[in-house]
Amino acid sequence: MPDDASPSAPITRTVRRPRTDSAVTQAAILDAAENLIVEEGYAAVTARRVAARAGLKPPLVHYHFKTTQALLTALYRRGAEQSLQRHASALAQDDPLTAIWQVNAESDRTALGLEFMAMANHHKFIREEIARYAEQIRAIQVATLERYLRERCLQPRPPFGPMALSVMLAAISRSLVMEAGVGIHLGHAEAKAAVAALLENYFIPVRLDTGSAT
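Residues 0 to 213 in numbering that gives the first Met the number 0 are what the sequence shown spells out, letter by letter.
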């Protein structure tokens, strides 16, 4: 018998996929899951459906995400990190109040956000993720408003402190987008006008010599 270690014996090497291939595959899986959620709801997210949408075999979905919970968690975190980046970029502009309003009124993320909120009613793991990221975003908004006021020697008009205003702007803008998504528009123009009037009169100049409002 020939020796397995002889020079004539073929050498078999395991070819590892580059990390970039793995990242591309994971992104394709997450994109497919996101599309399914937006089009059919989160209940449509199964390994078989996601694989078919991504043009992959189901075992490959299981290889990258062991469970549906792991897949949904990764999908939510990806969107949440993107949202954090959008907030940071928007709030770096000169008008943080308008930025908070606009970044929360992005309609392209509304359908996905609604599905995750619905999912949170039945799944603790998503509920915890939503709460964690929402508080991070709110903290960024409040810190930005406080810094904006401090640098310009302004103070908010009571009772609308930075925290209250951050919550109000985000809640109202998201609510209007959600309603518009299902065809509700009654009262939207009036609500936007009221918010605009509030923002125009929000800041009170502070006298530099005494620190009191003028």
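Each residue gets a CB set at the ideal place from its N, CA and C atoms; glycine is no exception. No experiment lies behind these values; they were computed from the predicted model shown.
| Item | Value |
| --- | --- |
| Span of the beta strand (DSSP E) around residue 154 | 153-155 |
| Touch test, the region 130-145 against the region 78-92, Cβ-Cβ under 8 Å, three pairs minimum | yes |
| Cβ-based burial, residue 161 [other Cβ within 10 Å; buried from 16] | buried |
| Same chain only: Cβ atoms within 7 Å of residue 32, ignoring 5 sequence neighbours per side | 44, 49, 70 and 74 |
| Exposure label - residue 120; buried when at least 16 CB within 10 Å | exposed |
| Nearest to residue 113 (by Cα), restricted to the options 131, 135 and 174 | 174 |
| Terminal residues of the alpha helix (DSSP H) in which residue 188 lies | 187-199 |
| Sufficient close CB pairs (3 or more, under 8 Å) joining the region 120-130 to the region 150-159 | no |
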